[in-house]
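Engineer: Below is one structure. I have some questions about it.
Number of protein chains: 2
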Amino acid sequence: MGNQLKKDLKQEIIDAALQLFQAHGYNGVSVNQIVAQAGTSKGGFYHHFKAKDELLYEIHDIFITYVLEEAKQTEEHYTTPIAKLCALLHSFTAAFHTYQAHITVFYDESKSLLDSDREVITQKRDAYRKILQQVIVEGQKSGDFREALPPTIVTLSITGMVNWSYKWYKQDGMMTMAQITAIFIDMILRSIVTQQGAEEAKHYSIESANIDAGFIF
Amino acid sequence: MGNQLKKDLKQEIIDAALQLFQAHGYNGVSVNQIVAQAGTSKGGFYHHFKAKDELLYEIHDIFITYVLEEAKQTEEHYTTPIAKLCALLHSFTAAFHTYQAHITVFYDESKSLLDSDREVITQKRDAYRKILQQVIVEGQKSGDFREALPPTIVTLSITGMVNWSYKWYKQDGMMTMAQITAIFIDMILRSIVTQQGAEEAKHYSIESANIDAGFIF
DNA sequence: TTAAACAAACCGACTGGTCGGTATACAAAC
DNA sequence: GTTTGTATACCGACCAGTCGGTTTGTTTAA
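Next comes the structure, spelled out in structure tokens:
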């Protein structure tokens with residue numbers, strides 16, 4: 007437990023790499039730059055990592071493992087498809103505060119992963135998408151979501167709309183991520199609910215008063 | 007006119023670079039690899055380009071210039087905000103067939119642009135976004151789009167949802183881009199129209215019969 | 001004393017870019 | 001019609017510098 011009180015060098019390296027990769031891309035950053043920013047040396051680096059590739063893999067894995075685990079727990083904790091969907095989106099976007107750099111690297115630099123590493127990551131990413139898509143399918147079966155929409159496209163649309171915010175969301179911007187997410191959810195629900203589902207979805211509309219009171223998890 | 011019958015070397019270089027950049031990123035590809043793939047030499051390359059940077063800039067500019075011009079014309083050609091929005095989306099996604107590689111490079115590698123180049127590109131990209139956002143604002147003023155939604159977030163949501171498809175759309179997949187776009191439009195319209203706008207939006211619903219007949223420009 | 005944690009010097013491969021030269025095309029001069 | 005001049009298109013050897021990674025040496029903690 008206490009071994010994280012003093013940030014160790016490995017974490018320092020990861021943090022430095024995150025910043026640099028986010029700004030210049032994996033192949034645009036040299037190991038020398040990373041160790042300089044982290045305040046260490048190449049010896050220190052290669053003591054903790056077998057290769058530069060491994061660092062990129064760790065960044066990917068830290069992020070997707072966290073998100074996947076979070077999604078599993080969230081999905082189990084709620085009952086209706088609509089509630090599940092909202093909770094999934096909120097739990098994902100909540101990660102932006104801590105993981106925005108991870109996300110940028112995850113989506114822009116995964117092509118630089120070793121093939122073997124990418125397989126592992128892809129598997130976890132697909133597992134995450136499967137959870138989301140399953141919720142959509144559940145909602146269609148329960149009659150809350152329109153069956154005319156292909157679940158795969160809906161899933162990818164939602165993912166795109168939400169993910170894309172890594173390109174424009176600023177921590178110090180005019181809106182918090184929770185506020186933005188409320189709008190996402192409003193738009194997404196309206197686009198996919200049936201008349202039956204509209205009842206429950208109303209609670210998540212930004213026109214209903216209880217939004218500014220905040221969304222609790 | 008006839009000077010393009012035989013593909014010239016410069017175009018060959020750009021095509022090769024597009025493929026390679028899309029697969030491995032700008033900094034993951036060397037000039038040697040590009041000229042090998044293009045079937046030319048280092049000398050040939052630097053005869054046509056002052057530097058590797060210039061090639062990346064050209065790829066960006068070709069794409070955004072095309073898209074921006076297309077958007078301007080499209081926007082002028084339609085009257086109602088709803089029609090404008092639909093036409094804008096269709097004209098953008100139609101570019102995927104020819105420009106998917108450009109788009110990938112555009113969104114993944116713009117951080118590798120020279121600062122001066124990036125300024126020019128950013129300006130054009132903002133001009134495009136402004137066109138889209140203006141349509142949203144018009145729709146709010148006309149009473150077709152919900153005024154509760156912040157136009158900036160709506161614009162970014164739409165952009166995200168549509169753009170993200172560059173990560174998963176396959177030319178030889180089960181759905182054509184036009185079919186996918188019809189679903190995008192259905193979802194987007196439902197999420198932003200008022201009761202008033204719903205009338206006109208019905209024409210673009212995937213539940214109405216005329217969708218499989220195709221969308222004509 | 002031993003092992004882990006780092007530092008610094010170093011290595012070969014490769015990088016973006018240059019340079020002298022050649023091949024081709026077309027126009028002017030004779 | 002042939003020669004000459006000149007600009008463009010292109011080639012491939014070569015350069016200085018940087019890359020990821022290794023090796024050797026030193027410090028620190030147990």
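As given, the protein sequences belong to chains A and B, one line each in that order.
For what it's worth, this note's numbering labels the leading residue of the first sequence as 7, then goes sequentially.
For what it's worth, this note's numbering labels the leading residue of the second sequence as 7, then goes sequentially.
By construction, the Cβ of each residue, glycine as well, lies at the ideal position given by its N, Cα and C atoms.
1. Run through the stretch 102-171 of chain B for me and flag every whole alpha helix (DSSP H) of 4 or more residues, listed as ranges in chain order.
2. Under the rule that 16 or more other beta-carbon atoms within 10 Å means buried, what is Thr-85(A), buried or exposed?
3. Answer yes or no: do Thr-161(B) and Leu-138(B) have a C-beta to C-beta separation smaller than 8 angstroms?
4. Which residues in the same chain as His-30(B) place their Cβ atom closer than 7 angstroms to its Cβ, once the five residues preceding and following it in sequence are excluded?
5. In chain B, which residues lie with their C-beta within 9 angstroms of the C-beta of Asp-114(A)?
6. Excluding five sequence neighbours on each side, which residues of the same chain lie with their C-beta closer than 7 angstroms to the C-beta of Arg-131(A)?
7. Looking only at C-alpha atoms, which of Phe-151(A), Tyr-32(A), Ile-88(A) sits nearest to Tyr-210(A)?
8. Where in the stretch 173-198 of chain A do unbroken runs of the alpha helix (DSSP H), each at least 4 residues long, occur, reported from the N-terminal end onward?
9. Ignoring anything shorter than 3 residues, give me the beta strand (DSSP E) runs that lie fully in the stretch 13-101 of chain A, in order along the chain.
10. Assuming Phe-112(B) and His-66(B) make a contact with CB atoms under 8 angstroms, what is their CB distance in whole Å?
11. Does chain B have any CB closer than 8 angstroms to the CB of Gly-166(A)?
12. Would you say Ser-118(A) and Ile-127(A) are within 8 angstroms of each other, going by their C-beta atoms?
13. By the criterion of Cβ-Cβ separation under 7 angstroms, what are the contact partners of Arg-196(A) in chain B?
14. So, do the stretch 149-163 of chain A and the stretch 170-190 of chain B have three or more beta carbon pairs nearer to each other than 8 angstroms?
15. Report the CB separation of Glu-75(B) from Val-141(B) in whole angstroms; it is logged as a contact under 8 angstroms.
16. Which residues in the same chain as Met-193(A) place their Cβ atom closer than 7 angstroms to its Cβ, once the five residues preceding and following it in sequence are excluded?
17. Is the beta carbon of Ala-23(B) less than 8 angstroms from the beta carbon of Leu-61(B)?
18. Mind checking if Ile-40(B) is an interface residue toward chain A, Cβ cutoff 8 angstroms exclusive?
19. Determine the burial state of His-103(A): buried for a count of at least 16 other Cβ atoms within 10 Å of its Cβ, exposed for fewer.
20. What residues in its chain sit with their C-beta under 8 angstroms from that of Tyr-134(A), if we drop five residues either side in the sequence?
21. Just to make sure I have the definition right: I need the residues of chain B whose C-beta is within less than 7 angstroms of the C-beta of Ala-101(A). Which are they?
22. By Cβ distance below 7 angstroms, which residues in the same chain neighbour Ile-191(B) in space, the five residues on each side in sequence not counted?
23. Can you check which of these residues, Ala-204(B), Gln-177(B), Met-181(B), Leu-155(B), is closest to Gln-185(A) by C-alpha distance?
24. Straight-line CA distance for Glu-205(A) to Gly-149(A)?
25. Taking the alpha helix (DSSP H) that Arg-206(A) falls in, what are its first and last residues?
26. To the nearest angstrom, how far is the alpha carbon of Met-55(B) from that of Asn-33(B)?
27. Would you please verify whether the beta carbon of Ala-154(B) is less than 8 angstroms from any beta carbon of chain A?
28. What did DSSP end up calling Asp-218(A) once you bin it into helix, strand or coil?
29. Please report how far the alpha carbon of Ala-100(B) lies from the alpha carbon of Asn-38(B), in whole angstroms.
30. Between Met-167(B), Lys-16(B), Ala-57(B), Gly-179(B), which has its C-alpha nearest Gly-45(B)'s C-alpha?
31. Could you tell me how far apart the beta carbons of Ile-40(A) and Phe-51(A) are, in whole angstroms, since I believe they sit closer than 8 angstroms?
32. Suppose you measure from the CA of Gln-146(B) to the CA of Ser-47(B); what does that come to, to the nearest Å?
33. Please report whether the beta-carbon of Glu-60(A) lies at a distance below 8 angstroms from any beta-carbon of chain B.
34. I think Asp-123(B) touches Asp-59(B), with their Cβ atoms under 8 angstroms apart; what is that distance to the nearest whole Å?
35. Round the Cβ separation of Ser-197(B) and Ser-197(A) to the nearest angstrom and send it over; I've been treating them as touching at under 8 angstroms.
36. How would you call His-108(B), buried or exposed, if buried means at least 16 neighbouring beta carbons within 10 angstroms?
Structural biologist: Taking the coordinates as given:
1. 102-114, 121-148, 157-169
2. To locate residue 85(A), count along the first sequence from 1; it is residue 79. Its Cβ having fewer than 16 others within 10 Å, Thr-85(A) is exposed.
3. To locate residue 161(B), count along the second sequence from 1; it is residue 155. To locate residue 138(B), count along the second sequence from 1; it is residue 132. In this structure, Leu-138(B) lies closer than 8 angstroms to Thr-161(B) by Cβ.
4. As a position in the second sequence, residue 30(B) is number 24, starting the count at 1. Excluding sequence neighbours, His-30(B) sits near nothing in its chain.
5. Reading the first sequence from its first residue, position 108 is the one you call residue 114(A). By Cβ distance, chain B contributes Gly-31, Tyr-113, Asp-114, Glu-115, Lys-117.
6. By one-based count along the first sequence, residue 131(A) stands at place 125. So the qualifying residues of the chain are Ile-70.
7. For the purposes of this step, residue 210(A) is taken as the residue at position 204 of the first sequence. It is Ile-88(A).
8. 183-198
9. none
10. Your numbering for residue 112(B) matches position 106 in the second sequence. Your numbering for residue 66(B) matches position 60 in the second sequence. Contact holds; Cβ gap of about 6 angstroms.
11. Indexing the first sequence from 1 puts residue 166(A) at position 160. Chain B, which has a Cβ nearer than 8 angstroms to the Cβ of Gly-166(A), makes this yes.
12. The residue you call residue 118(A) lines up with position 112 of the first sequence. The residue you call residue 127(A) lines up with position 121 of the first sequence. Cβ distance not < 8 angstroms, so Ser-118(A) and Ile-127(A) don't count as in contact.
13. Counting from 1 along the first sequence, the entry for residue 196(A) is found at position 190. What Arg-196(A) touches in chain B: Arg-196, Ser-197.
14. yes
15. Translated into the one-based positions of the second sequence, residue 75(B) becomes position 69. Translated into the one-based positions of the second sequence, residue 141(B) becomes position 135. Glu-75(B) to Val-141(B), Cβ: 17 angstroms. No contact.
16. For this step, residue 193(A) is matched to residue 187 along the first sequence. Excluding positions up to five away in sequence, the list is empty.
17. For the purposes of this step, residue 23(B) is taken as residue 17 along the second sequence, with counting starting at 1. For the purposes of this step, residue 61(B) is taken as residue 55 along the second sequence, with counting starting at 1. Yes, Cβ-Cβ distance for Ala-23(B) and Leu-61(B) is below 8 angstroms.
18. The residue you call residue 40(B) lines up with position 34 of the second sequence. For Ile-40(B), the answer is no, since every Cβ of chain A falls outside 8 angstroms of its Cβ.
19. Residue mapping note: residue 103(A) aligns to position 97 of the first sequence, counting from 1. The residue is exposed, with fewer than 16 neighbouring Cβ atoms inside 10 Å.
20. Start at 1 with the first residue of the first sequence, and residue 134(A) comes out as number 128. Here the set comprises Ile-70, Val-73, Leu-74, Ala-77.
21. Counting from 1 along the first sequence, the entry for residue 101(A) is found at position 95. Those within 7 angstroms of Ala-101(A) in chain B number zero; the least Cβ separation is about 17 angstroms.
22. Reading the second sequence from its first residue, position 185 is the one you call residue 191(B). Taken in chain order, the residues that qualify are Cys-92, Leu-95, Tyr-210.
23. The count along the first sequence starts at 1 and reaches residue 185(A) at position 179. Among Ala-204(B), Gln-177(B), Met-181(B), Leu-155(B), the Cα nearest to that of Gln-185(A) is on Leu-155(B).
24. Reading the first sequence from its first residue, position 199 is the one you call residue 205(A). Reading the first sequence from its first residue, position 143 is the one you call residue 149(A). Each residue's alpha carbon lies about 12 angstroms from the other.
25. Translated into the one-based positions of the first sequence, residue 206(A) becomes position 200. First, the amino acid is wrong: residue 206(A) is Glu here, not Arg. Note, Glu-206(A): alpha helix (DSSP H), 201-207.
26. For the purposes of this step, residue 55(B) is taken as residue 49 along the second sequence, with counting starting at 1. For the purposes of this step, residue 33(B) is taken as residue 27 along the second sequence, with counting starting at 1. According to the sequence as given, residue 55(B) is Phe; it is not Met. Approximately 17 angstroms between the Cα atoms of the pair.
27. On the second sequence, position 148 is the one that residue 154(B) refers to. Judged by the 8 angstroms Cβ criterion, Ala-154(B) is in contact with chain A.
28. Indexing the first sequence from 1 puts residue 218(A) at position 212. Caution is warranted here: a pLDDT of 46 is assigned to Asp-218(A), below 50, making its placement in the model unreliable, and the coordinate value is therefore given only provisionally. Three-state result, Asp-218(A): coil.
29. Translated into the one-based positions of the second sequence, residue 100(B) becomes position 94. Translated into the one-based positions of the second sequence, residue 38(B) becomes position 32. Each residue's alpha carbon lies about 33 angstroms from the other.
30. Indexing the second sequence from 1 puts residue 45(B) at position 39. When only C-alpha atoms are compared, the closest one is Lys-16(B).
31. Sequence index remark: in the first sequence, residue 40(A) carries index 34 (1-based). Sequence index remark: in the first sequence, residue 51(A) carries index 45 (1-based). Confirmed, about 7 angstroms.
32. Indexing the second sequence from 1 puts residue 146(B) at position 140. Indexing the second sequence from 1 puts residue 47(B) at position 41. Roughly 55 angstroms separates the two Cα atoms.
33. Here residue 60(A) is taken as the residue at index 54 of the first sequence, counted from 1. Cβ-Cβ to chain B under 8 angstroms: no for Glu-60(A).
34. Against the second sequence, residue 123(B) aligns to sequence position 117. Against the second sequence, residue 59(B) aligns to sequence position 53. About 7 angstroms; that satisfies the 8 angstroms criterion.
35. Against the second sequence, residue 197(B) aligns to sequence position 191. Against the first sequence, residue 197(A) aligns to sequence position 191. Yes, Ser-197(B) and Ser-197(A) are in contact; Cβ-Cβ is about 4 angstroms, under 8 angstroms.
36. Taking the first residue of the second sequence as 1, we reach residue 108(B) at position 102. It counts as buried.
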